[in-house]
Amino acid sequence: MLLNMSAQPIESKENRQLLGQRKLARPLVILLLACLSSYYLWVLFLAAHPNVSTAYRTYYIEKKTLYWAKGNLDLLWPASGIVRAQDKSPYLSRQGWEPLADGKGRGLSHRGGVFFNFDKTPIHPIRIQLTLDQSITEPVYASFDGINKVRLMPLDMDTLEGILPSKTLVQNASLQHLQIETLASLSVTQISVAEMTQ
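Residue numbering for the sequence shown follows the numbering used here, starting at 3 and increasing by one per position.
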């Protein structure tokens with residue numbers, strides 16, 4: 003009996019230690035789960051609301067542009083006002099444009115466009131010019147909002163031109179989209195977008 007009595011206090015000491023460890027482990031597990039859940043929710047929030055550049059969002063997330071703009075994170079239209087279509091231009095939309103340009107121009111099938119931002123919001127009308135590899139007879143239309151379309155008229159044998167009012171720009175948009183539509187397929191060599199300073 004003496005042996006049983008002396009063994010009993012040792013067991014109760016061990017039980018108290020295990021009970022104390024269990025009491026400590028439960029809040030730690032709950033705290034760990036709360037931290038992991040908070041981290042997971044934060045990652046989901048960042049995935050839904052990424053704080054990235056316009057170029058990154060347009061190319062990788064929304065998949066609107068054909069090429070990535072490494073050095074032009076805001077997709078500002080060049081100061082010259084001209085983009086060569088046969089270059090790997092970050093302004094070209096994925097819709098409509100041929101992925102690879104041939105030696106003379108880049109193919110545009112029926113509907114495509116360019117995504118860009120102006121350095122300053124234009125207050126005067128905007129001149130749009132398309133230089134083509136070869137002349138066409140089918141009408142070509144351009145618009146910023148998809149509603150107010152302007153027919154591009156021949157300026158010479160291989161250049162089409164149209165003037166869009168600045169009010170047709172989509173106000174407060176993070177990115178402007180010049181949409182080009184035609185029933186034909188075009189081979190475009192360059193695109194010019196410039197504000198008319200009158």
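Heads up, the beta-carbon is just placed ideally off N, CA and C, and yes, glycines get one too.
Three-way DSSP call (helix, strand, coil) for residue i in this model
i: residue 91; result: coil
i: residue 167; result: coil
i: residue 96; result: coil
i: residue 194; result: strand
i: residue 71; result: coil
i: residue 36; result: helix
Top-ranked residue by Cα proximity to residue i, from the options
i: residue 154; options: 184, 135, 177, 126; result: 184
i: residue 2; options: 110, 78, 149, 123; result: The requested residue 2 does not occur in the structure, where the chain is confined to residues 3 to 200.
i: residue 198; options: 120, 126, 168; result: 126
i: residue 63; options: 186, 188, 49, 139; result: 49
i: residue 105; options: 189, 196, 193; result: 189
i: residue 89; options: 71, 97, 75, 81; result: 71
Euclidean distance between Cα positions of residue i and residue j
i: residue 112; j: residue 100; result: 11 Å
i: residue 147; j: residue 45; result: 34 Å
i: residue 129; j: residue 39; result: 53 Å
i: residue 31; j: residue 23; result: 12 Å
i: residue 166; j: residue 56; result: 24 Å
Expected contact under 8 Å - CB spacing of residue i and residue j to nearest Å
i: residue 67; j: residue 41; result: No, residue 67 and residue 41 are not in contact; Cβ-Cβ is about 32 Å, not under 8 Å.
i: residue 118; j: residue 77; result: 5 Å
Where residue i falls, given that 16 or more other Cβ within 10 Å makes a residue buried
i: residue 178; result: buried
i: residue 157; result: exposed
i: residue 175; result: exposed
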